[in-house]
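In the numbering used here, the protein residues as written are 13 to 258.
Okay, here's the thing in structure tokens:
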């Protein structure tokens, strides 16, 4: 019997559900055809494998960097500029940080990454419900929009890990290691301006652009909502980095 013919009760058979793009398709899609990828994810949201890969890469990078970084060189200049910290306290703080920087980093990579994605997805979902272009999005759609654009940072994470393995890291934090930001090439006296220049990173700007496309074509959010969802977290992240620079 033809699949399109009516059943005994006169109803049409259900159309097959769209298949979600696999992890490899998502990785290739963010670099080659993001709009098409996000349109497919709109019909079949998927985020689990992408999140798992991002967490695994963050964990590997954290361990490699944590084993190579010179904690004394990283923290001593900061602590010495703080008038509330005495010279005796500086050595104590550095000693404690040497013990805990790797365990805390591992916990942050394992749980902090997933928690941040879940919160970002919730933010996207709420704004999407307030400013939908068509029907209101589901949380899986919003979570996919939060996670999948981050796949564009995988080459960045790999590059940092390789640099950490092949040369001394000194006191550099991961965001200052790879030659992908303005801060890597432009050195200024102002610590806050220097921190801002490090936020102007090619891969983080690419992630912001992909997030906008995901919000428009995956979450199906109005342009205003997509801009709010991209610019507000970006401004918050940059602001925390700049005002925290000491």
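Beta carbons: idealized from backbone N, C-alpha and C, even for Gly.
query, result
"Burial state of residue 180 (16 or more Cβ within 10 Å)", "exposed"
"Pick from 234, 224 and 210 that is closest to residue 254, judged by C-alpha positions", "210"
"Touching by the beta-carbon criterion (3+ pairs, under 8 Å), the segment 178 to 197 and the segment 81 to 91", "yes"
"Beta-bridge partners of residue 213, as assigned by DSSP", "193"
"Check whether residue 220 and residue 157 have beta carbons under 7 Å apart", "no"
"Boundaries of the alpha helix (DSSP H) in which residue 37 is found, first to last residue", "35 to 44"
"Status (buried if at least 16 other CB within 10 Å, exposed otherwise) for residue 50", "buried"
"Sequence-distant residues of the same chain with beta carbon closer than 7 Å to residue 125, five excluded per side", "66, 67 and 70"
"Reduced DSSP secondary structure (H/G/I, E/B, other) of residue 30", "coil"
"CA-to-CA distance, residue 116 to residue 127, given in whole angstroms", "15 Å"
"Residues that residue 144 bridges to, as DSSP identifies them", "233"
"Rounded separation between residue 167 and residue 176 - CA only", "14 Å"
"First and last residue of the uninterrupted alpha helix (DSSP H) at residue 123", "First-last for residue 123: undefined, no H or E at that position."
"Cβ contact (3+ pairs, closer than 8 Å) linking the segment 235 to 255 and the segment 201 to 208", "yes"
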